[in-house]
Amino acid sequence: MQRRQIILTRQKRNFKFNVIDFLYNLPQSFFKTHNLSKSFIFVNDIDFIQRVIIGIIGDSIIDALILIIGLLLIMFMVLNALNNIGHVNIQLQETILRFDRMQEFPLMQHHYNIVPQEYKTNISDIFEELKVEHLSYHFVGEDPLLNDISFSVKKGEIVSIIGKNGTGKSIIRQIFEKTLKPESGHISINNLDFDEISLEYWHNLTGILPQQIRLFNGTLFNNITLGDTSATSKQLNIFLETYGFNHFFEAFPNGYMTIIGENGIQISEGQLQLIGLARSLWHNPQLLLLDEPIAKLDNEIQYFVMQLLKQLSSVMGIIILTKSISTIQNSDKIYILENGNLSDASDT
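For what it's worth, the UniProt record's numbering labels the leading residue of the sequence shown as 1, then goes sequentially.
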């Protein structure tokens, strides 16, 4: 114990000497750094300042400096630890959200006749029309993103809503995903209230392509058939050939068992977009909602997607949310979303 105390005393004394030496040489360093001549001040005055500094710095002040430096070091370490904890917490929350989301998929049956008992006599398995009437939504303290908008889409139609970034297009998608609830207005599918349709039935009826496609670190097979435990490689092969996706995935090194990495880190943006589109079509939806379906795609893939949508429009209803004029070329109806208001392009 005594030896340890002697060592600590020596370390403290050495630190004091270092502090005194630093302060003693501070004026000299200042003049040297700034290329100043000592002619600006008498040498005796410099020595006098140095002696005053050393005289003022006593043991008590040096002890206080040691204490302050120690506290600052401790504070830095605590802040660094809290910062790391914050990052870990964010990752944990993201993992929990992903896990909760994954739990939904096994509950989704891939048969359209799985409807709550009370609705079996009220709704047809064949999609006919979706109607949106007087829909409004806004964030607190901001102007309305959706202000009393109305539109409809029928089977066999492509309806495009075009607007700049931040005009509320993605809000429409999130309402259709049932992750946001509109403040007012009414949505109906085949004349049945949107709020009364079960989440399982709605997910089976629709295919939704978000603007930001989330992929997990798994195989191409699992990222497309997401949650379908009965899917086989043969079924996926037939599916991809039927829709024409196989041409873009055949170069994958391990075929459908290729690991594509978290959020598609090992594939191109075009391939990522195609995986998202294939995923939205896997369960044969009758209503397709696409948020920027050809953004960031090269010309070849853009052409493929637009031709595919044109073919699909004969057997389903399609809603496209976009800011690109090139995306709306095959549309039967075009709406313009601006300042929260939706107007029919044919009226302008």
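Glycine is no exception: its CB is placed at the ideal position from the N, C-alpha and C atoms. Just so you know, these numbers come straight off a predicted model, no measurement behind them.
Problem - Backbone CA spacing between Leu-272 and Leu-72 [nearest angstrom] - result: 48 angstroms
Practice task
For my contact list, Ser-314 and Gly-156 are in at a C-beta cut-off of 8 angstroms; report their separation, rounded to the angstrom.
Solution key: 6 angstroms
Practice task
State the Cα-Cα distance for the pair Ile-114 and Gln-286, rounded to the nearest angstrom.
Solution key: Low per-residue confidence applies at Ile-114: pLDDT is 36, beneath 50, and the placement is therefore not dependable, though the value from the model is reported in the following sentence. So the alpha carbons of these two residues sit roughly 15 angstroms apart.
Exercise for the section: For Leu-342, collect the residues of the same chain with a Cβ closer than 6 angstroms to its Cβ; drop the 5 residues on either side in sequence, then sort them by chain order. Expected result: Ile-149 and Tyr-335
Problem - Reduced DSSP category for Ser-331 - H, G, I as helix; E, B as strand; rest coil - result: coil
Handout entry: Inter-residue spacing [alpha-carbon to alpha-carbon] between Gln-302 and Ile-294
Key = 6 angstroms
Practice task
Given a cut-off of 9 angstroms, decide if Leu-289 and Leu-277 are closer than it, judged by their beta-carbon atoms.
Solution key: no
Exercise for the section: Count the C-beta pairs between the stretch 210-223 and the stretch 247-259 that are closer than 8 angstroms, then say yes if the count reaches three, no if not. Expected result: yes
Practice task
Starting from Glu-196, follow the alpha helix (DSSP H) in both directions and report where the run begins and ends.
Solution key: Neither: Glu-196 is in no alpha helix (DSSP H) and is coded neither H nor E.
Handout entry: Minimum C-alpha distance to Ser-268 - residue among Ile-319, Ala-231, Leu-312 and Leu-215
Key = Leu-215
Handout entry: the stretch 192-207 / the stretch 229-238 touching (three or more Cβ pairs under 8 angstroms)
Key = no
Practice task
Could you give the DSSP three-state label for Val-315: helix, strand or coil?
Solution key: coil
Exercise for the section: Per DSSP, which residues does Ser-160 bridge with? Please list them. Expected result: Ile-320 and Ile-334
Problem - Three-state class that DSSP yields for Arg-98 in the structure shown - result: A caution first: Arg-98 carries a pLDDT of 49, below 50, which makes its placement in the model unreliable, though a value can still be read off. It is helical.
Handout entry: Candidates Ile-162, Leu-145, Phe-76 and Asn-263, of which the one nearest Ile-175 by Cα
Key = Leu-145
Practice task
Taking the CB atoms as reference points, tell me whether Gln-266 and Ile-260 lie closer together than 9 angstroms.
Solution key: yes
Exercise for the section: Compute the Euclidean distance between the alpha carbons of Leu-107 and Gly-227, then round it to the nearest angstrom. Expected result: Reliability fails at Leu-107, whose pLDDT of 45 lies under 50, so the model's placement of it is uncertain and the value that follows must be treated cautiously. Straight-line Cα distance between these residues: approximately 9 angstroms.
Handout entry: Segments assigned alpha helix (DSSP H), at least 4 residues, entirely inside the stretch 269-313
Key = 269-281 and 299-312
Handout entry: Distance between Gln-311 and Gly-270 (C-alpha atoms, nearest Å)
Key = 20 angstroms
Exercise for the section: Note down the Cα distance separating Arg-173 from Tyr-243, rounded to an integer number of angstroms. Expected result: 24 angstroms
Exercise for the section: Can you have a look at His-203 and say buried or exposed, based on whether 16 or more other CB atoms are within 10 angstroms of its CB? Expected result: buried
Exercise for the section: Using the Cα positions of Leu-97 and Ile-171, report the straight-line distance between them to the nearest angstrom. Expected result: A caution first: Leu-97 carries a pLDDT of 46, below 50, which makes its placement in the model too unreliable to give a value.
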